[in-house]
Amino acid sequence: MKQSLLARLTSQPDALNHLLSDLSTEQLAQRPIPDKWSVQENIAHLGRYQEIFLTRIQQIISGDTPVFPRYVAEEDPGFADWLDLSWADLSERFLGERATLNAFLSILHEEQLVQTGSHPLFGFMGVEGWTEFFLLHEAHHFFTILKLGGLLRAADQFGRN
Numbered sequence: 100m101k102q103s104l105l106a107r108l109t110s111q112p113d114a115l116n117h118l119l120s121d122l123s124t125e126q127l128a129q130r131p132i133p134d135k136w137s138v139q140e141n142i143a144h145l146g147r148y149q150e151i152f153l154t155r156i157q158q159i160i161s162g163d164t165p166v167f168p169r170y171v172a173e174e175d176p177g178f179a180d181w182l183d184l185s186w187a188d189l190s191e192r193f194l195g196e197r198a199t200l201n202a203f204l205s206i207l208h209e210e211q212l213v214q215t216g217s218h219p220l221f222g223f224m225g226v227e228g229w230t231e232f233f234l235l236h237e238a239h240h241f242f243t244i245l246k247l248g249g250l251l252r253a254a255d256q257f258g259r260n
């Protein structure tokens with residue numbers, strides 16, 4: 100696995116320290132945009148998707164060239180389990196699952212990295228392509244969390260909370 104991908108897998112979650120600074124547990128659970136996920140729900144989605152991603156990579160390296168459907172969190176019973184976690188448990192589990200994922204990906208061999216699986220939109224990708232997709236998907240949610248945090252801080256500052 101490219102060192103740049105492993106470095107991003109390791110360091111990207113560190114952005115949450117900045118994104119979540121000064122937000123209370125109550126704010127993390129609020130939906131400043133009523134029909135959109137809260138910060139906590141976004142992180143629950145990312146945590147669950149780490150598990151889905153690990154399972155998909157395990158299927159890919161088996162050499163069967165799997166074809167995966169689009170992942171839809173609302174249709175996944177495992178996502179509901181993540182939503183039920185307290186903030187403290189969610190944070191701990193998110194980081195624990197990330198450590199497991201990083202450890203697994205860091206020991207893959209070249210012959211495993213070239214195995215492919217098909218995404219419904221992006222087509223066939225090797226393990227590194229899937230990892231890039233995973234990181235970009237997560238970064239998109241981190242950007243969403245940045246925007247939600249801004250709305251929550253503004254509401255708190257102006258007493259609209």
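In our numbering, each residue carries its 1-based index in the sequence shown increased by 99.
From the three backbone atoms N, C-alpha and C, an ideal C-beta is built for every residue, glycine too.
Residue 116 classed as buried or exposed, judged by whether at least 16 other C-beta atoms fall within 10 angstroms: Position 17 of the sequence shown, counted from the start, is the residue given in the question as residue 116. Exposed, because fewer than 16 other Cβ atoms sit within 10 Å of the Cβ of residue 116.
Length-filtered (3 minimum) beta strand (DSSP E) runs lying within the region 209 to 256: 215 to 218 and 222 to 225
Those residues which DSSP pairs with residue 166 across a bridge: As a position in the sequence shown, residue 166 is number 67, starting the count at 1. Under DSSP, residue 166 takes part in a beta bridge, and its partners are 217.
Pairwise C-alpha distance: residue 222 and residue 110: Reading the sequence shown from its first residue, position 11 is the one you call residue 110. Reading the sequence shown from its first residue, position 123 is the one you call residue 222. Going from the Cα of residue 110 to the Cα of residue 222 covers about 27 Å.
heavy atom of the ligand GTP below 8 Å from residue 140 C-beta: With respect to the ligand GTP, the structure shown offers nothing to examine, as it has no ligands at all.
Residue 194 beta carbon less than 9 Å from that of residue 133: For this step, residue 133 is matched to residue 34 along the sequence shown. For this step, residue 194 is matched to residue 95 along the sequence shown. No, Cβ-Cβ distance for residue 133 and residue 194 is not below 9 Å.
Contacting residues, own chain, Cβ-Cβ under 6 Å from residue 263 (five flanking each side not counted): No statement about residue 263 is possible, as the shown extent of the chain runs from 100 to 260 and does not include it.
Integer-rounded CB distance, given that residue 182 should sit under 8 Å from residue 143: The residue given as residue 143 occupies position 44 in the sequence shown. The residue given as residue 182 occupies position 83 in the sequence shown. Confirmed, about 5 Å.
From 168, 210, 164 and 147, residue whose alpha carbon lies closest to that of residue 220: Numbered from 1 along the sequence shown, position 121 holds the residue referred to as residue 220. Out of 168, 210, 164 and 147, the CA that lies nearest to the CA of residue 220 is found in 168.
Residues of its chain near residue 100, where Cβ-Cβ distance is below 8 Å and the 5 sequence neighbours each way are ignored: Translated into the one-based positions of the sequence shown, residue 100 becomes position 1. Correct list, in chain order: 204, 205, 207, 212, 226, 227 and 230.
Closest by C-alpha distance to residue 170, when choosing among 157, 152, 102 and 129: Reading the sequence shown from its first residue, position 71 is the one you call residue 170. If we check each option's Cα against that of residue 170, 152 comes out closest.
Residue 121 versus residue 236: straight-line alpha-carbon distance, rounded: The residue given as residue 121 occupies position 22 in the sequence shown. The residue given as residue 236 occupies position 137 in the sequence shown. Distance between the alpha carbons of residue 121 and residue 236: 25 Å.
Proximity to residue 159 [Cα-Cα], best of 172, 180, 255 and 216: Along the sequence shown, one-based indexing puts residue 159 at 60. Looking at 172, 180, 255 and 216, the one whose alpha-carbon comes closest to that of residue 159 is 216.
9 Å Cβ cutoff met for residue 245 and residue 118: Here residue 245 refers to the residue found at position 146 when the sequence shown is read from its first residue. Here residue 118 refers to the residue found at position 19 when the sequence shown is read from its first residue. Yes; because the gap between Cβ atoms is below 9 Å, this pair is in contact.
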